[in-house]
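Engineer: Residues in the sequence shown are numbered from 6 upward in steps of one, following my numbering.
For glycine and all other residues, C-beta sits at the position ideal for the given N, C-alpha and C.
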Amino acid sequence: MTETQITLSVRSDGDRRPGVVGVPLAGIEARVVDEDGDCVVSGQAAIGELHVRGPFLFDGYFGRPEETAASYTKDGWFRTGDAAMAGGDGNYRIVGRMTTDLIKTNGFRVGAGEVEDALLDHPAVHEAAVVGVPDEEQGQRIV
6 MTETQITLSV RSDGDRRPGV VGVPLAGIEA RVVDEDGDCV VSGQAAIGEL HVRGPFLFDG
66 YFGRPEETAA SYTKDGWFRT GDAAMAGGDG NYRIVGRMTT DLIKTNGFRV GAGEVEDALL
126 DHPAVHEAAV VGVPDEEQGQ RIV
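This is the structure we're talking about:
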């Protein structure tokens, strides 16, 4: 992400885990915020938008003050647009994009990539694509 000057976090555990981007580097703050604007408690299985702030962020989009203003919260956090989870170990996991990869079903936000990863863990599954389709009872049905 060019707005963040590329590096904001690092994986220090050595394990490869899909979507895990690690812990924030020194001087960088990160949080996950739900659709009501409340911070998600680390370790909860809740998905929200990843917000970051720190000295390495860009100052704004050149010649686009409205877009710059929309990209930041009033208290200076940059809205990445990434759908994420905050692990209890301090690691953050990206599960998709807020605008395209989240499926709202039965009152929960589910990352399409999370479902795809679970399907791909099965030895008989070689490819997977998950989408949400409109459903009167569930809001969206995962297919």
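Exposed or buried, what is THR104 when buried is set at 16 or more other beta-carbons lying within 10 Å of its beta-carbon?
Structural biologist: For this step, residue 104 is matched to residue 99 along the sequence shown. Exposed.
Engineer: TYR97 bridges to which residues according to DSSP?
Structural biologist: Counted from its first residue, the sequence shown places residue 97 at position 92. Paired residues: GLY27 and ALA91.
Engineer: If I follow the unbroken beta strand (DSSP E) through ALA35, where does it start and stop?
Structural biologist: As a working mapping, residue 35 is identified with position 30 in the sequence shown. ALA35 -> beta strand (DSSP E) spans 34–38.
Engineer: May I ask which residues mark the beginning and end of the alpha helix (DSSP H) holding VAL120?
Structural biologist: Stepping through the sequence shown from its first residue, residue 120 is reached at position 115. Run containing VAL120: 117–125, per the alpha helix (DSSP H) assignment.
Engineer: Is PRO128 helix, strand or coil by DSSP?
Structural biologist: Mapped onto the sequence shown, residue 128 falls at position 123. Coil at PRO128, not helix or strand.
Engineer: Which whole-angstrom value is the C-beta distance of VAL28 and VAL38, which I expect to be below 8 angstroms?
Structural biologist: As a working note, residue 28 is residue 23 in the sequence shown. As a working note, residue 38 is residue 33 in the sequence shown. The pair is not a contact, with the Cβ atoms about 18 angstroms apart (cut-off 8 angstroms).
Engineer: By the DSSP assignment, the beta strand (DSSP E) with THR110 in it spans what residues?
Structural biologist: One-based indexing of the sequence shown puts residue 110 at position 105. Run containing THR110: 107–110, per the beta strand (DSSP E) assignment.
Engineer: Short check: CB of TRP82 to CB of VAL100, under 8 angstroms?
Structural biologist: Your numbering for residue 82 matches position 77 in the sequence shown. Your numbering for residue 100 matches position 95 in the sequence shown. No, the Cβ-Cβ distance between TRP82 and VAL100 is not below 8 angstroms.
Engineer: Measure the beta-carbon distance from ALA51 to MET90 and round it to whole angstroms, keeping in mind my assumption that it falls under 8 angstroms.
Structural biologist: Numbered from its first residue, the sequence shown carries residue 51 at position 46. Numbered from its first residue, the sequence shown carries residue 90 at position 85. Between MET90 and ALA51 the Cβ distance is about 7 angstroms, and since that is below 8 angstroms, they are a contact.
Engineer: Which one or two residues does DSSP pair with GLY137 in a beta bridge?
Structural biologist: If you number the sequence shown from 1, residue 137 lands on position 132. DSSP, once it has assigned bridges, lists ILE147 as partnering GLY137.
Engineer: Can you find the residues in the same chain that come closer than 7 angstroms, C-beta to C-beta, to ILE108, ignoring five residues on each side of it along the sequence?
Structural biologist: Within the sequence shown, numbered from 1, the residue matching residue 108 stands at position 103. Result list for ILE108: VAL115, ALA117, GLY137, GLN145 and ILE147, in chain order.
Engineer: Do the CB positions of ALA134 and GLU121 come within less than 8 angstroms of each other?
Structural biologist: As a first step, residue 134 must be located in the sequence shown, where it is residue number 129. As a first step, residue 121 must be located in the sequence shown, where it is residue number 116. Yes.
Engineer: Give the straight-line distance between the Cα atoms of THR78 and GLU72, rounded to the nearest whole angstrom.
Structural biologist: Here residue 78 corresponds to residue number 73 of the sequence shown, with the count starting at 1. Here residue 72 corresponds to residue number 67 of the sequence shown, with the count starting at 1. Cα-Cα distance, rounded: 12 angstroms.
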